[in-house]
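Trainee: Please find one structure pasted underneath; my questions will follow.
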C-alpha cells in the first residue's frame, strides 16, 4: 500500500516541466512554459505549464491539473500507475512501487475487451502460420523477396492466413468459450463469416497486416492476397468498422511511431502499410498511414499529440496528388508545419525503395521535401497556361491568397520575394493584395467571421457606456491589450461562451482584430492600430491601450479576472434596472410584479457573489 506521505514525496520531488517535456515540446513563455495542447487539436499554443505552482492548464479545452493528472490523461492509466511512471522518469526510489503493474484505464466495454483479446489471439495465430508452417512458407518467401527481413516482419507482426477456412475458427474456439463471446459480438469482429449453417474464417490465403490502437492492442486486420489479379481481383480485404475499430480515428503504426516522433517532432504520413514499412526500413521510424481514407480530424489530433511537422509521402499518381492537396488544406487549420515529398520515377515509397535502395529513399525523405505552399504552387501552375493573361491573373491571385497560410514569417517573406520576381510584381503590391484576396477567396455563402464574431456584429441596441477609469473599463483595456499581443488569449476568448465586451467600441475592435490576424497573425499594438479603418473613432481607446504598462508575462488567472469584472458590470446594470422597477412597483402596489422583481433581484445578487 502506497502511503499519502509517499505520494506527496514524489509530487514534491517531481518537476512538471521535465515530465510534460517527455510527451510534448515546451517553450519558455515568461515565467511559464507553453506548447500546443496534447489533448485537443489546436493551431496556436494555449497549453501552459507553471513550474512554480507545478500545475498545467489549457486555455483552449480547459484541461488542467498536477503532474499525476497529466500522466494519467495522456497515457490513459490510473493514478497509481501514473505515480509509478512519474517516479521512473524522475528516478525517485519508492518502496513497494515495483509491485504496481501497468493498469490502463480501459475505455472499452466488456464486449470490446473480449474482441481485443480475440484479435490478439488472431495476430499470434497468423504469425505462427507464417513462420512455422509449410503453407506459410510461400508468403514468407514473398515478404523476403519484397526486401523485408525477419526482424522487420516481426516488428510489424505480419502473418499469414492459411487456405483452410476453419483454421482460426478452431484455434479460437476455446477462448470464445472461456470469454463467453456471443454470436452477435463475433459478428462485430470481422474475423469470421457468420452463416445459418455455421462459421468460417473471413481471411484466407492472405498476408496479414495487424492494425493496432495507440496502446498497441490489435483491433483490426488488412489482408493482402498472393494470387494473380485475374484470379483474385481484390488485392486487399480489410476489417469492417465495428465495436473496436473506427478507421477514421486510427493511424496504422502510430503505436510504434509515437515514441520516436516525440523526439524528432515529425511524422511521415503515407497511404498504405507497405509504404510505412518501406519508410521504416529507410530509418524513417515515425511513419504512419491513414488507413486508405482521407485524413480526418481525429487522425490529425493523434499526430498533433506527438509531433510539430507532418511530411506527406502519398502516391505520385493523380489520386495521390488530390489526397495530398486535401491533407494540406486540413493541416493548414492546425499548428503543424506541413511538407511534401514528391516521389519521382516511382508510384509510391515502396516502389522507390525497390528502385533506389534504403539509402536512396532515406536521402529523398530527408532532402527531397518541399513546403505545402510550394507543392500547391507547383501543382496549380501546371494546370494553367501562363501565356494566357486571364489564366496567369487567376494563378497570381490564387498564389497571393495562399500566402497567409504559410506558418513562418521567414518562409512567407521568401515566397513573397519569389512571386515578385517570377511575375514581375512589386513586393508592396503583393502585401497590399493579401487582405482583399483572402476575403475574395472564401467560397460563396461562407461567412467571413466565425459564429461568435457574427453574433457580436448583430447587436442592435447599444449598451450603456461604462465610466472611464472604472474597474470594468480598465479590464476591457487590459483584456484587449492581451488579445492583440497574445494568440493564446485570442483562442481563449474566441472559445468563451456568453462573453461580450461591455462597450460597443471594444466589441468592434474584437471583430476587427479577428479579421486582421487572419492576414497577419503576429501583431503588435502599433501593427493593429495601423490596420484599423481610417477613422478617428478608435484613436483614443488605442492610445490608452498602447500606454498601458503591462508585464509580458500573463499572470495565472489574469484573463479570467478581467472576464469576471466585465460580466459583473453587466449584472450591475441589470441590478440597477431591477431596483428602479421594483421601487416603482412598490409605489403602485403591484404585488405580482413586486414578487417577480424581488426574485430577479435575489438571482442577480447571487451572480455577483
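In my numbering, the protein residues as written are 57 to 665.
For each residue, glycine too, the CB sits at the ideal point set by N, CA and C.
Does DSSP put residue 126 in a helix, a strand or coil?
Mentor: Walking along the chain shown from the start, residue 126 turns up at place 70. Three-state result, residue 126: helix.
Trainee: Rounded to whole angstroms, what's the CA-CA distance from residue 420 to residue 350? Just pull it up for me.
Mentor: The residue labelled residue 420 in the question sits at position 364 within the chain shown. The residue labelled residue 350 in the question sits at position 294 within the chain shown. One C-alpha to the other measures close to 24 Å.
Trainee: Return the first residue and the last residue of the alpha helix (DSSP H) that residue 377 is part of.
Mentor: Against the chain shown, residue 377 aligns to sequence position 321. It spans 374-387 - the alpha helix (DSSP H) in which residue 377 sits, taken as one unbroken run.
Trainee: Taking only the alpha-carbon atoms, compute the straight-line gap between residue 552 and residue 93 and give it to the nearest angstrom.
Mentor: Here residue 552 refers to the residue found at position 496 of the chain shown. Here residue 93 refers to the residue found at position 37 of the chain shown. Their Cα atoms are separated by approximately 17 Å.
Trainee: Checking the sheet assignment: what are the DSSP bridge partners for residue 330?
Mentor: Here the question's residue 330 lines up with position 274 in the chain shown. Bridge partners of residue 330: none, in fact.
Trainee: Looking at the structure shown, is residue 416 part of a helix, part of a strand, or coil, going by DSSP?
Mentor: Residue 416 sits at position 360 when you count from the first residue of the chain shown. Helix, per DSSP.
Trainee: Can you list, in chain order, the residues of its chain whose CB lies under 8 Å from that of residue 69, leaving out five sequence neighbours each side?
Mentor: As a first step, residue 69 is located in the chain shown; it is residue number 13 there, counting from the start. Around residue 69: 146 and 148.
Trainee: Nearest CA to the CA of residue 140: which residue from 62, 563, 406 and 244?
Mentor: Position 84 of the chain shown, counted from the start, is the residue given in the question as residue 140. Comparing Cα-Cα distances from residue 140 to each of 62, 563, 406 and 244, the minimum goes to 62.
Trainee: Verify whether the separation of the beta carbon atoms of residue 621 and residue 536 is less than 9 Å.
Mentor: Counted from its first residue, the chain shown places residue 621 at position 565. Counted from its first residue, the chain shown places residue 536 at position 480. Their beta carbons are not under 9 Å apart, which means residue 621 does not touch residue 536 by this criterion.
Trainee: Output the distance between the C-alpha atoms of residue 636 and residue 657, rounded to the nearest integer angstrom.
Mentor: Stepping through the chain shown from its first residue, residue 636 is reached at position 580. Stepping through the chain shown from its first residue, residue 657 is reached at position 601. When rounded, the distance between both Cα atoms is 11 Å.
Trainee: What number of angstroms, rounded off, separates the C-alpha of residue 448 from the C-alpha of residue 455?
Mentor: Reading the chain shown from its first residue, position 392 is the one you call residue 448. Reading the chain shown from its first residue, position 399 is the one you call residue 455. Straight-line Cα distance between these residues: approximately 11 Å.
Trainee: At what residues does the beta strand (DSSP E) containing residue 275 begin and finish?
Mentor: Position 219 of the chain shown, counted from the start, is the residue given in the question as residue 275. Taken as a continuous stretch (DSSP letters only), the beta strand (DSSP E) holding residue 275 covers 274-281.
Trainee: DSSP three-state label for residue 408, please.
Mentor: In the chain shown, counting from the first residue as 1, residue 408 sits at position 352. Helix, per DSSP.
Trainee: Identify every residue that forms a DSSP beta bridge with residue 248.
Mentor: The sequence position of residue 248 within the chain shown is 192, counting from 1. For residue 248, which the question treats as bridged, DSSP gives the partners 257.
Trainee: Which residue or residues does DSSP assign as beta-bridge partners of residue 80?
Mentor: Translated into positions along the chain shown, residue 80 becomes position 24. Residue 80 is not bridged to any residue.
Trainee: Take residue 589 as the anchor and find which of 602, 579, 580 and 569 has the nearest alpha-carbon.
Mentor: The residue you call residue 589 lines up with position 533 of the chain shown. Answer by Cα proximity: 569.
Trainee: So residue 235 packs on residue 170, CB below 8 Å; how close in whole Å?
Mentor: Residue mapping note: residue 235 aligns to position 179 of the chain shown, counting from 1. Residue mapping note: residue 170 aligns to position 114 of the chain shown, counting from 1. The pair is a contact, with the Cβ atoms about 5 Å apart (cut-off 8 Å).
Trainee: If we ignore side chains and look at the alpha-carbon of each, how far apart do residue 432 and residue 530 end up?
Mentor: Stepping through the chain shown from its first residue, residue 432 is reached at position 376. Stepping through the chain shown from its first residue, residue 530 is reached at position 474. Going by the C-alpha atoms only, they are around 46 Å apart.
Trainee: For residue 670, which residues of its own chain have a beta-carbon under 8 Å away from its beta-carbon, when the five flanking residues on both sides are left out?
Mentor: The requested residue 670 is not part of the displayed model; the chain covers only 57 to 665.
Trainee: Considering only residues of the same chain and omitting the five flanking positions on each side of residue 370, which have a CB-CB separation below 6 Å?
Mentor: As a first step, residue 370 must be located in the chain shown, where it is residue number 314. Within the same chain, residue 370 has close Cβ partners 327, 376, 379 and 380.
Trainee: Return the first residue and the last residue of the alpha helix (DSSP H) that residue 586 is part of.
Mentor: Counted from its first residue, the chain shown places residue 586 at position 530. First-last of the alpha helix (DSSP H) with residue 586: 581-586.
Trainee: Fully enclosed by the region 421-445, which beta strand (DSSP E) runs are 3 residues long or longer?
Mentor: Listed in chain order, they are 425-427.
Trainee: If you draw a straight line from the C-alpha of residue 542 to the C-alpha of residue 100, how long is it?
Mentor: In the chain shown, counting from the first residue as 1, residue 542 sits at position 486. In the chain shown, counting from the first residue as 1, residue 100 sits at position 44. Between residue 542 and residue 100, the C-alpha separation is close to 10 Å.
Trainee: Could you have a look at residue 221 and say whether DSSP puts it in helix, strand or coil?
Mentor: The residue given as residue 221 occupies position 165 in the chain shown. Coil, per DSSP.
Trainee: For residue 312, would you say it is in contact with chain C, using Cβ-to-Cβ distances shorter than 9 Å as the test?
Mentor: No chain C is part of this structure, which consists of one protein chain only.
Trainee: Leaving out five residues on either side along the sequence, give the residues of the same chain with a beta carbon under 8 Å from the beta carbon of residue 120.
Mentor: Walking along the chain shown from the start, residue 120 turns up at place 64. So the qualifying residues of the chain are 111, 112, 113 and 114.
Trainee: Put residue 485 into one of helix, strand or coil per three-state DSSP.
Mentor: Position 429 of the chain shown, counting from 1, holds the residue named residue 485. The answer is helix: DSSP assigns residue 485 an H, G or I state.
Trainee: With DSSP run on the structure shown, which of helix, strand or coil describes residue 265?
Mentor: Position 209 of the chain shown holds residue 265. Strand, per DSSP.
Trainee: Looking at the structure shown, is residue 394 part of a helix, part of a strand, or coil, going by DSSP?
Mentor: Taking the chain shown and counting its residues from 1, one reaches residue 394 at position 338. Here residue 394 sits in strand by DSSP.
Trainee: What do you reckon, are the CB atoms on residue 295 and residue 355 nearer than 9 Å?
Mentor: Start at 1 with the first residue of the chain shown, and residue 295 comes out as number 239. Start at 1 with the first residue of the chain shown, and residue 355 comes out as number 299. Contact: no.
Trainee: Use the C-beta contact count for residue 160: other C-beta atoms within 10 angstroms, 16 or more gives buried, fewer gives exposed.
Mentor: Along the chain shown, one-based indexing puts residue 160 at 104. Unreliable positioning characterises residue 160 in this predicted model, as indicated by a pLDDT of 47, which lies under 50. The coordinate reading is nonetheless provided below. It is exposed - the Cβ of residue 160 has fewer than 16 other Cβ atoms within 10 Å.
Trainee: How should residue 353 be labelled, buried or exposed, when 16 other C-beta atoms within 10 angstroms of its C-beta is the threshold for buried?
Mentor: The residue you call residue 353 lines up with position 297 of the chain shown. Looking at its Cβ environment, which holds fewer than 16 other Cβ atoms inside 10 Å, residue 353 is exposed.
Trainee: Look at the Cβ atom of residue 347, then the Cβ atom of residue 303, and state whether they are nearer than 9 Å.
Mentor: In the chain shown, residue 347 corresponds to position 291, counting from 1. In the chain shown, residue 303 corresponds to position 247, counting from 1. Yes; because the gap between Cβ atoms is below 9 Å, this pair is in contact.
Trainee: Suppose you measure from the CA of residue 219 to the CA of residue 260; what does that come to, to the nearest Å?
Mentor: One-based indexing of the chain shown puts residue 219 at position 163. One-based indexing of the chain shown puts residue 260 at position 204. The alpha-carbon atoms of residue 219 and residue 260 are separated by roughly 5 Å.
Trainee: Can you name the start and end residues of the beta strand (DSSP E) that residue 345 belongs to?
Mentor: Numbered from its first residue, the chain shown carries residue 345 at position 289. Residue 345 -> beta strand (DSSP E) spans 343-345.
Trainee: Determine the DSSP secondary structure at residue 145, reduced to helix, strand or coil.
Mentor: The count along the chain shown starts at 1 and reaches residue 145 at position 89. Residue 145 falls in the helix class under three-state DSSP.
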